[in-house]
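Trainee: One structure, as structure tokens, below. Some questions next.
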Amino acid sequence: LAAGAGMTSAKAHPYLVSFIRVGLVQQDSITGQYELGPFALQMGLVSLQRLDPVRIAMPEIAKLQSEIGHTLGIAVLGSHGPTMIHMTEASYPVHVNMRKGTVMSMLHTATGLVFAAWLPPKVSEHYIAREEGDTAVIASVPPPRKASRANIEAQLADIRVHGMARALGNPLPGVDALSVPVFDNTGNIVLALTSLGPTGLFDVSWDGAIARPLLACAHEISRKLGYRA
Numbered sequence: 001l002a003a004g005a006g007m008t009s010a011k012a013h014p015y016l017v018s019f020i021r022v023g024l025v026q027q028d029s030i031t032g033q034y035e036l037g038p039f040a041l042q043m044g045l046v047s048l049q050r051l052d053p054v055r056i057a058m059p060e061i062a063k064l065q066s067e068i069g070h071t072l073g074i075a076v077l078g079s080h081g082p083t084m085i086h087m088t089e090a091s092y093p094v095h096v097n098m099r100k101g102t103v104m105s106m107l108h109t110a111t112g113l114v115f116a117a118w119l120p121p122k123v124s125e126h127y128i129a130r131e132e133g134d135t136a137v138i139a140s141v142p143p144p145r146k147a148s149r150a151n152i153e154a155q156l157a158d159i160r161v162h163g164m165a166r167a168l169g170n171p172l173p174g175v176d177a178l179s180v181p182v183f184d185n186t187g188n189i190v191l192a193l194t195s196l197g198p199t200g201l202f203d204v205s206w207d208g209a210i211a212r213p214l215l216a217c218a219h220e221i222s223r224k225l226g227y228r229a
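Structure, rendered in structure tokens:
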């Protein structure tokens with residue numbers, strides 16, 4: 001410890017004793033090694049609880065938009081379902097009938113599928129069930145046939161494998177989208193980052209020029225929120 005702090009042992013010892021007394025450091029009775037004490041852990045938890053996912057995401061989204069040039073959105077889970085709370089427009093004109101406050105379908109949009117894949121199953125099922133007939137929710141045009149539970153589970157499992165969801169011309173014909181999850185320090189999904197653009201101009205490949213930086217951005221925001229995969 002003294003060497004790591006750049007101090008002599010005699011100088012480091014009083015500091016260590018003081019840190020132990022206030023609970024910043026504790027010594028393992030078996031190994032003799034030092035680790036964070038209860039007070040340090042408490043301070044860390046308080047700090048994590050004060051983190052605002054949206055505030056942390058905004059500068060990262062700005063950097064990402066300048067890199068990929070496509071429309072980007074941030075969604076949270078609202079009372080009706082996944083809800084867009086921020087949109088950064090593309091550098092080119094694109095007709096997208098989506099703005100702040102838009103509620104996305106759980107199963108028929110990339111944004112909704114991300115939440116469906118990573119929310120606890122009971123929560124996901126609740127939002128899927130309640131959106132049927134809810135006029136506040138953007139769905140497909142025309143409405144799709146109802147998928148079986150097995151098909152839904154297979155789709156969500158595939159999304160988890162890729163770490164993201166994509167939608168091809170759905171719910172907006174001619175517009176494709178990719179969406180990725182952001183996690184907090186407890187491993188819960190707190191945001192979805194979604195990028196979209198015109199079919200043919202928007203790279204929807206799982207490991208393409210949009211997917212890679214989008215996923216990297218989500219990982220960086222999650223890291224700043226205390227998430228460790």
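Residue numbering for the sequence shown follows UniProt numbering, beginning at 1 and increasing consecutively.
Backbone N, C-alpha and C fix where the C-beta goes; we use that ideal spot for every residue, glycine too.
To which residues does DSSP link E35 through a beta bridge?
Mentor: Beta-bridge pairing links E35 to Q26.
Trainee: What's the gap between the Cα of G169 and the Cα of A110?
Mentor: Going from the Cα of G169 to the Cα of A110 covers about 10 Å.
Trainee: Determine, using beta-carbon pairs with one atom in the region 179-187 and one in the region 159-166, whether at least three such pairs fall under 8 Å.
Mentor: Enough Cβ pairs lie closer than 8 Å, so yes.
Trainee: Tell me R166's beta-bridge partners as DSSP assigns them.
Mentor: In the DSSP output, where bridge partners are listed per residue, R166 has L178.
Trainee: Within the same chain, show all residues whose beta-carbon is closer than 7 Å to that of residue 234, passing over the 5 residues directly before and after it, in chain order.
Mentor: Here the chain has residues from 1 to 229 only, and residue 234 is not among them.
Trainee: Applying the 10 Å Cβ sphere with the 16-neighbour rule, what's the burial state of P59?
Mentor: The residue in question, P59, is exposed, as its Cβ has fewer than 16 Cβ neighbours within 10 Å.
Trainee: Please report the residue range of the alpha helix (DSSP H) in which G4 lies.
Mentor: A2 to A5 is the span of the alpha helix (DSSP H), which, as asked, contains G4.
Trainee: In terms of alpha-carbon separation, which member of Q65, A90, N188 and A216 lies closest to F115?
Mentor: Comparing Cα-Cα distances from F115 to each of Q65, A90, N188 and A216, the minimum goes to N188.
Trainee: Mapping DSSP to helix, strand and coil, what is S9?
Mentor: Looking at S9 - three-state DSSP - the assignment turns out to be helix.
Trainee: Specify, as a first and last residue, the run of the beta strand (DSSP E) that A90 falls within.
Mentor: Segment: none, A90 is in no beta strand (DSSP E) and carries neither H nor E.
Trainee: At the level of alpha carbons, what is the spacing between D176 and L225?
Mentor: Cα-Cα distance, rounded: 29 Å.
Trainee: For G112, which option in K122, E131, R99 and K100 has the closest C-alpha, if you only look at C-alpha atoms?
Mentor: It is E131 whose Cα lies nearest to the Cα of G112.
Trainee: Exposed or buried, which one is A57 when buried takes at least 16 other CB atoms within 10 Å?
Mentor: Label assigned to A57: buried.
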